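J.: The structure's right below; bear with me while I get my questions together.
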Amino acid sequence: MTTWTISTLERELSDGGVVVAHWRATLVDGEHSASSYGTCGFTPDPSDPSFVAYDSITEEIALGWCWANGVDKDAIEASLAAKIELDKNPTKGVGVPW
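Quick note on our numbering: the sequence shown kicks off at 9 and runs consecutively.
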């Protein structure tokens, strides 16, 4: 199962509107792990009835905003699973023979 976290939020101090969320997705399968990190930007509108100020945001809310604003959850999770599968069953090697 992929674990999604928000490492930090950037906000406007004047109204508490969050403008950027920094996210990380991590998948662990035994000894193998893969992760992806990114940011997602927002344009908060304090006059919108659905506005949530910084002090009231939960990690679930911030992740939901990311997934609704361009972070393709399914594609990222598939990519992490593919990375782990490749780690388990490599097709290329690196190094020198001496």
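The C-beta atom is built at its ideal place from N, Cα and C for all residues, glycine as well.
In this text, all values refer to a predicted model and were calculated from it rather than measured experimentally.
Could you give the C-beta distance for residue 70 and residue 17, rounded to a whole number, given that I count them as a contact under 8 Å?
T.: Locating residue 70 in the sequence shown gives position 62, where the first residue counts as 1. Locating residue 17 in the sequence shown gives position 9, where the first residue counts as 1. With a Cβ gap of about 6 Å, residue 70 and residue 17 count as contacting.
J.: What residue range is occupied by the uninterrupted beta strand (DSSP E) comprising residue 15?
T.: Working through the sequence shown from its first residue, we reach residue 15 at position 7. Counting along the chain, the beta strand (DSSP E) containing residue 15 begins and ends at 11–19.
J.: Using the three-state DSSP reduction, which class does residue 42 fall into: helix, strand or coil?
T.: By one-based count along the sequence shown, residue 42 stands at place 34. Residue 42 falls in the strand class under three-state DSSP.
J.: Just to confirm the assignment, what range does the alpha helix (DSSP H) spanning residue 73 have?
T.: Numbered from 1 along the sequence shown, position 65 holds the residue referred to as residue 73. Note, residue 73: alpha helix (DSSP H), 67–76.
J.: By Cβ distance below 8 Å, which residues in the same chain neighbour residue 9 in space, the five residues on each side in sequence not counted?
T.: The sequence position of residue 9 within the sequence shown is 1, counting from 1. Cβ neighbours of residue 9 beyond the five flanking positions: 35.
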